[in-house]
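All remarks here apply to the structure that follows.
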Amino acid sequence: MLNDILTGYGIFILEILTILLLILAIVGLIISYRQHNKSKVGELEIKDLSEEFNEQVRLLRDFNLSEEEQKQRTKAEKKAEKQNAKKRKEKLKKGETLEDEKKACVYVLDFCGDISASETTALREEISAILNVAKPEDEVLLRLESPGGIVHNYGFAASQLSRLKQKGIKLTVAVDKVAASGGYMMACVADKIVSAPFAVIGSIGVVAQIPNVHRLLKKHDVDVDVMTAGEFKRTVTVLGENTEKGKQKFQQELEETHKLFKQFVSQNRPCLDIDKIATGEHWFGQQAFALQLVDEISTSDDLILEKMKEKQVLNVKYRLKNP
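Per the UniProt record's numbering, the sequence shown starts with residue 1, numbered consecutively.
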C-alpha cells in the first residue's frame, strides 16, 4: 500500500514538473518573440499592384454579365490555371527551371518629402531590399512628391537613389504634383523623369531666411552674448548682432551650396542649359518638358498601367514602427 502511495505521489510530482516546464517554455518563447520584435525598427510590406488591378478589371468586366456567363468565365479561367500549373509541374519533374517564365519586376516606391526628407529612413531600407533581389531586367519607379528642404538631407536621399543606378537598375521618377529644389535634386538622378502637365518642377536654388531680434532686445536692455572660437563659427544669429562681414560670409556659403547643386544636376542631366534653369525659378510640367527638365508628360497611374502589360508591378513600402 505504501508503495502504491509513493508511486502515485511520484507520478503526481512528475506531472506538476512537466506542466511547469511547459509554462516556462511558453513564457520564454513569448519573451523571445517580444524582444525580437522590439529590435526591429520596422517591416517591409509588399503589395502586388498587378494582381490588384486585374481583380478590379474582373469586377468591372463581370458587372454586366449574367450569372451563367460569370460561371462560364470563371470555369474557363480555372481550367486555364490548372493547365498552366500542370505544365509547370511537368517542367519541374524534368529538372527544367521556371525562371524564364517569370516576368521582370517593376518595384514601385513612394516618397512624400517634408523639409527634413524624413522618409529617407524608409527609402534606404526599401532600396537595400530591392538591390538584394533585383535582376538586370527589373526596374524601379519612384512616385515622388516634394517641395524640397534641408540640403544635406535631400543630398542623402538623392544618394540612395544613386545606389540603384550604380547597380545598373533602371530608375524612373514620376512627379504628379511637385518636385522642386531638393525634390528635383532627387528626381534628376533618374534615368527618366515623367511629369504631370501641371506638376511644379525646378526651383534649382538655395534660400535661407533668418529673423534677428537683436535691436528689439537692446531696446529693452536685454544683452545676448554669442561666444565663438573661429572667425566664422557663427556667421549670423537670431539673437546676437549680425555684422556685415558675417552676412557676406553667409551669402558666400549660400552661393557655394548653389554651385554644388548646379554641378550635381548637370552631372545627372547633361542635356540641360544649367545657367538658364538654375535661377531658383519653377515651371509647370509642360514648360519643364520644353526646357528638358523632364522627359515625358504623363501621370504615374498611366505609367504603371503601361508597365503592367509586360512586367509584374510590386509596391514596396518599409513601415517604421511607432516609438
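From the three backbone atoms N, C-alpha and C, an ideal C-beta is built for every residue, glycine too.
Given the structure is predicted, the values throughout are model-derived calculations rather than measurements.
Might you give, ordered along the chain, the residues of its own chain that have their beta carbon closer than 7 Å to the beta carbon of G183, omitting 5 neighbours on each side?
Locating residue 183 in the sequence shown gives position 183, counting from the first residue. Cβ within range, chain order: G113, L144, S146, P147 and G148.
Check: Is the Cβ-Cβ distance between I193 and V175 less than 9 Å?
Finding: Working through the sequence shown from its first residue, we reach residue 193 at position 193. Working through the sequence shown from its first residue, we reach residue 175 at position 175. Cβ distance < 9 Å, so I193 and V175 count as in contact.
- Message: Here's the rule I'm using: 16 or more other beta-carbon atoms within 10 Å means buried, otherwise exposed. How should L260 be labelled?
- Response: Numbered from its first residue, the sequence shown carries residue 260 at position 260. Burial call: exposed.
With contact counted as at least three CB pairs below 8 Å, one residue from each stretch, are the segment 234-241 and the segment 249-259 in contact? yes
K262: beta carbon under 8 Å from a heavy atom of the ligand NAP? This structure lacks the ligand NAP, and indeed carries no ligand of any kind.
* Between K219 and E231, what straight-line distance do the alpha-carbon atoms span, to the nearest angstrom? -> For the purposes of this step, residue 219 is identified with residue 219 of the sequence shown, where counting begins at 1. For the purposes of this step, residue 231 is identified with residue 231 of the sequence shown, where counting begins at 1. Between K219 and E231, the C-alpha separation is close to 27 Å.
**Item:** Alpha-carbon to alpha-carbon, V106 and K307
**Value:** Along the sequence shown, read from residue 1 onward, the residue named residue 307 stands at position 307. Along the sequence shown, read from residue 1 onward, the residue named residue 106 stands at position 106. Going by the C-alpha atoms only, they are around 7 Å apart.
Separation of E241 from T228, as counted between CA atoms:
For the purposes of this step, residue 228 is taken as the residue at position 228 of the sequence shown. For the purposes of this step, residue 241 is taken as the residue at position 241 of the sequence shown. Across the structure, T228 and E241 are spaced so that their CA atoms are roughly 13 Å apart.
Practice problem: State the DSSP-derived secondary structure class of I130, mapped to helix, strand or coil. | Solution: As a working note, residue 130 is residue 130 in the sequence shown. Note: I130 maps to helix in three-state DSSP.
Bridge partner(s) assigned by DSSP for F111: Taking the sequence shown and counting its residues from 1, the one referred to as residue 111 is at position 111. Paired residues: L144.
### Nearest candidate by alpha-carbon position, reference T257, set G155, G42, S128 and G28
Start at 1 with the first residue of the sequence shown, and residue 257 comes out as number 257. For the residues G155, G42, S128 and G28, the minimum Cα distance to T257 belongs to G155.
Can you have a look at T120 and say buried or exposed, based on whether 16 or more other CB atoms are within 10 angstroms of its CB?
Within the sequence shown, residue 120 is the residue found at index 120, counting from 1. Counting Cβ neighbours within 10 Å, T120 comes out buried, since at least 16 surround it.
* Asked: On the three-state DSSP scale, how would you describe D295?
  -> For the purposes of this step, residue 295 is taken as the residue at position 295 of the sequence shown. The three-state secondary structure of D295, taken from DSSP, is coil.
*If I'm right that A187 touches V173 with Cβ under 8 Å, what's the distance once you round it to whole angstroms?*
Along the sequence shown, one-based indexing puts residue 187 at 187. Along the sequence shown, one-based indexing puts residue 173 at 173. Indeed they touch by this definition, with Cβ atoms about 5 Å apart.
Just checking my contact of L141 with L303 at CB under 8 Å: how many whole Å lie between their CB atoms?
As a first step, residue 141 must be located in the sequence shown, where it is residue number 141. As a first step, residue 303 must be located in the sequence shown, where it is residue number 303. The Cβ separation is near 7 Å, so the contact holds.
Q) Hey, out of A129, S118 and V108, whose CA is closest to E139's CA? A) Sequence index remark: in the sequence shown, residue 139 carries index 139 (1-based). Taking only the C-alpha atoms, the option nearest E139 is V108.
| message | Considering Cα atoms alone, identify which of A104, I210 and L21 is closest to K170. | response | One-based indexing of the sequence shown puts residue 170 at position 170. Nearest option by C-alpha distance: A104.
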